[in-house]
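Colleague: Below you will find the structure I want to go over with you.
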Amino acid sequence: MAVEMRLPAVHKHISLAASQSNQDDKHLVVPGDVITSDTGFMRGHGTYMDEDRLTASVAGEVERVNKLICVRPLKTRYNGEVGDVVIGRITEVQQKRWKVETNSRLDSVLLLSSVNLPGGELRRRSAQDELAMRDYLQEGDLISAEVQSIFSDGALSLHTRSLKYGKLGQGVLVFVSPSIVKRQKTHFHNLPCGASIILGNNGYVWLYPTPGQQDEEAGGYYTSMEPVSLSDREVISRLRNCLLALAAHKVLLYDTSVLYCYEASLPQQIKDILKPEIMEEIILETRQRLVEHEG
Amino acid sequence: MRDIPLSNCERRFLLKAIEEKKRLDGRQTYDYRNIKITFGTDYGCCIVELGRTRVLCQVSCELVPPKDSRPTEGIMFFNLELSPMASPAFEPNRQSELLVMLNRQLERCLRNSKCIDTESLCVVSGEKVWQIRVDVHVLNHDGNLMDAASIAAISALSHFRRPDVAIQGRDITVFSPEERDPIPLSIYHMPICVSFAFFLQGSYLLVDPCEREERVKDGLLVIAMNKHREICSIQSSGGIMLLKDQVLRCSKIASVKVSEITELINKALENDRKIRKEGGKFGFAESMPKERITTLKRDEAPVEMTDVKETANEIVNRTETPTEAVSSPVLVAMGTAQVGEGIVNSWGLDEDEEDEPQTEDTKTDEVLVISDSEEEEVVILNEEAQKSTKPSKQK
């Protein structure tokens, strides 16, 4: 069995001129940095008063709204907002609701009244529906849902009241940081390379083979267990490695960036994408194309 | 902060692998991970590494009044703590089920088995006895905390030395370690816990489960035994039903493992004692491997070596023979060729001859032109055949 070896090498620091212009406006701080000594400001999240100097308690960017100063951290657990698309895993089945783990500080809640009944009926949930909860979603199942509201303690309330949300079938789940996923109009994309992607705002990205034809009555209930073809699997594996490469270099994830990265990685073998040198090449090319695309 | 829940496919993969008698790290069903026992500079401080699970144990003593029901016996106090350092799933100051189970099992294993002679801890009957306090801290959780904790506790107790006391009537003089050598505790036997994890309703069992295996287990059987084949305690949790012969088989396996581990502990104690007597350096700092920046060291990873020779021969036969480097005239362009490199003009040594670096390496596609020409650039005619023009090295 051949074992591959590499010697440690110096990493080149990639910094494009285009990104430099954005850097100057941002006020980045680390925990312990003094933001201001002016006492006229109100302190928001991520700050504390240290002998009447406003100091940052997290590493991130300083945001100022009139008299309120807060620090938005770069790496944080997912803070939900109404309307976000999230992907989560069921951890508990309770009375009339499911607890979903979504990479946030508290487990999110999916109420029984917020899911579609099989067959698309519209009626009040009965006791029988409660007993049949486990037939629909069990512990360990993956779902895609939308944030309906936020409880006072910060827990999210999810709903799957649309045909595009529901239980997820065969595919690959990739964990990235929530701050890397770009907020867009739609988070469900059918990529032209032959796979589909759901970019959850909470940092969970789901890759799955594009479904053949849309089953209207199925809604979120039917998960196809047919074997996925080898070509689809290769596309999904390549996409997964590209996502990890993009996340390692902190490139904002959205459909265009994922697609460009996929195309830039085509000359490489799938397993080589995760090697640091090759990752840098691919990301450089992706970044250049993105800059041209915007400009 | 809870751990990320295990995905369904990972769970299925682990169970399927166990059905096929394969483990994630390549061990056999009854194999333990590498156990490493190190002692600190103080007596009674011990760190045990079971694979990646690390547990620290510290033993200390104090003179206290004895319990009313047992005025002639010393007191043993056990405390096990799970700090968030061990795993993100552990929260500080939270009384979880795992914590209670570990504490109870440790107490049962060490106190109820009467491995320490508590009568010898009595100083003045009814007034002063030694209270031995055993604190176990989990530094890293990678499965099987119970075994690691019990090994650490008994090693630390064997390593510990209590101060010497002299009694004159009702006066007690406690001597410091400098005045009189401290005395070891009198330990009758060494009880050690061996954990068995059961999967798929008790059909498969594994010894020393790692953290992933523990997550998918159905039940756990912990047998505390000493090397004289005496069972000190048995505990079964998880609600699985075990057959009589399964339990007997486990106890046989446990006796083998316990004798190996006891020998390991005794060897480690003996090493430490020898080093201390010779006056060498001892303690945790000495037992840690030196991390030098210039060397790269990783743990040996077992690699499957079957058919290595055949595959190597195959690869060698399949590759082509490397092309030989032939020094031939380099065809620069049509009608222009260069044979060899030529040597630098050694006439007329000028001041700037010293800073002319002589680059000897020429590749066959790059043309190193050394000429006396006064021109800045040597251009070869017939440029379509020429790949690149190189500025000449001026003499």
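Residue numbers (UniProt numbering), protein chains in the order written: chain F, 1 to 295; chain S, 1 to 395.
The C-beta atom is built at its ideal place from N, Cα and C for all residues, glycine as well.
1) Any contact between the region 254-265 of chain S and the region 218-234 of chain S? By contact I mean 3 or more CB pairs, one from each, below 8 Å.
2) Find the nearest neighbour of S/D171 within the set S/V123, S/E214 and S/N34, judged by alpha-carbon distance.
3) Within 8 Å, do at least three Cβ pairs link the region 61-76 of chain S to the region 237-244 of chain S?
4) If the criterion is Cβ atoms closer than 7 Å, does the pair F/L28 and F/R43 meet it?
5) For the ligand NAP, is there any heavy atom lying closer than 6 Å to the beta carbon of S/Y30?
6) Of all the residues that make up the region 75-109 of chain F, which are near chain S by a beta-carbon distance shorter than 9 Å?
7) Helix or strand or just coil, what does DSSP make of residue 403 of chain S?
8) My output table needs one value for residue 398 of chain S: the three-state DSSP class, helix, strand or coil.
9) Taking 7 Å as the threshold (beta carbon to beta carbon), is F/G200 in contact with chain S?
10) With DSSP collapsed to three states, give me the class of S/V216.
11) Below 7 Å on C-beta distance, what does F/V3 contact in chain S?
12) Per DSSP, what kind of secondary structure is F/K99 in: helix, strand or coil?
13) Just the C-alpha distance for F/V291 and F/H249, rounded to the nearest angstrom, thanks.
14) Do you know whose CA, among F/G83, F/L110, F/Q95 and F/R72, lies nearest F/R89's CA?
15) Let's test the definition: count the other Cβ atoms within 10 Å of the Cβ of S/F196 and tell me whether it reaches 16, buried, or not, exposed.
16) Is the region 181-188 of chain S touching the region 115-129 of chain S, taking contact as three or more C-beta pairs under 8 Å?
17) So is S/N313 in contact with chain F if we call contact Cβ pairs under 7 Å?
18) Return the bridge partner residues of S/D171 from the DSSP annotation.
19) At the level of alpha carbons, what is the spacing between S/Q201 and S/T319?
20) Less than 7 Å between the beta carbons of S/Q105 and S/Q246, yes or no?
21) Distance, Cα to Cα, F/I197 vs F/S149?
22) Please report how far the alpha carbon of S/E353 lies from the alpha carbon of S/W347, in whole angstroms.
23) Please identify the residue among S/F199, S/F77 and S/H159 whose C-alpha is closest to the C-alpha of S/R276.
24) If you count every other CB in all the chains shown that lies within 10 Å of the CB of F/L239, and 16 or more means buried, which is it?
25) So, using beta-carbon positions, are S/D142 and S/E81 closer together than 7 Å?
26) Against F/G140, what residues of chain S qualify as contacts under a CB-to-CB distance less than 9 Å, listed in chain order?
27) When DSSP labels each residue in this structure, what does S/K36 get in the three-state scheme?
28) Could you check if S/S83 is buried or exposed, using at least 16 other CB atoms within 10 Å of its CB as the buried criterion?
29) Rounded to the nearest angstrom, how far is the Cβ of F/L142 from that of F/I87, given a contact under 8 Å?
30) Can you pull the DSSP bridge partners for S/K244?
31) Between which two residues does the beta strand (DSSP E) carrying F/M49 extend?
32) Should the region 105-124 of chain F be regarded as contacting the region 157-174 of chain F, the criterion being three or more beta carbon pairs within less than 8 Å?
33) I think S/A166 touches S/V134, with their Cβ atoms under 8 Å apart; what is that distance to the nearest whole Å?
34) Taking the CB atoms as reference points, tell me whether F/E61 and F/R77 lie closer together than 7 Å.
35) Which residue marks the beginning of the beta strand (DSSP E) containing S/V79, and which one marks its end?
Modeller: Based on what the coordinates show:
1) yes
2) S/V123
3) no
4) no
5) With respect to the ligand NAP, the structure offers nothing, as it holds no ligand at all.
6) R77, R89, I90, T91, E101, N103, R105 and D107
7) The structure shown does not extend to residue 403 of chain S, since chain S is modelled only from 1 to 395, so the question has no answer here.
8) With chain S covering 1 to 395 only, the question about residue 398 of chain S has no answer from this structure.
9) no
10) Here S/V216 carries a coil assignment [DSSP, helix/strand/coil].
11) V303
12) strand
13) 16 Å
14) F/L110
15) buried
16) yes
17) no
18) S/Q168
19) Distance between the alpha carbons of S/Q201 and S/T319 is about 52 Å.
20) no
21) 24 Å
22) Any answer about S/E353 is weak, because its pLDDT of 44 lies below 50 and its placement is not dependable; what the coordinates show is given next. C-alpha separation (whole angstroms): 10 Å.
23) When each option's Cα is compared against that of S/R276, the closest is S/H159.
24) Buried: at least 16 other Cβ atoms inside 10 Å.
25) no
26) Within chain S, P5, L6, S7, N8 and R11 have C-beta atoms less than 9 Å from the C-beta of F/G140, given in sequence order.
27) strand
28) exposed
29) Rounded, the Cβ-Cβ distance is 7 Å, consistent with contact.
30) Beta-bridge pairing links S/K244 to no other residue.
31) That run of the beta strand (DSSP E) goes T47 to M49.
32) yes
33) Not confirmed; about 26 Å, so no contact.
34) no
35) Here residue 79 of chain S turns out to be Asn, not Val, going by the sequence shown. Its beta strand (DSSP E) spans residues I75 to L82.
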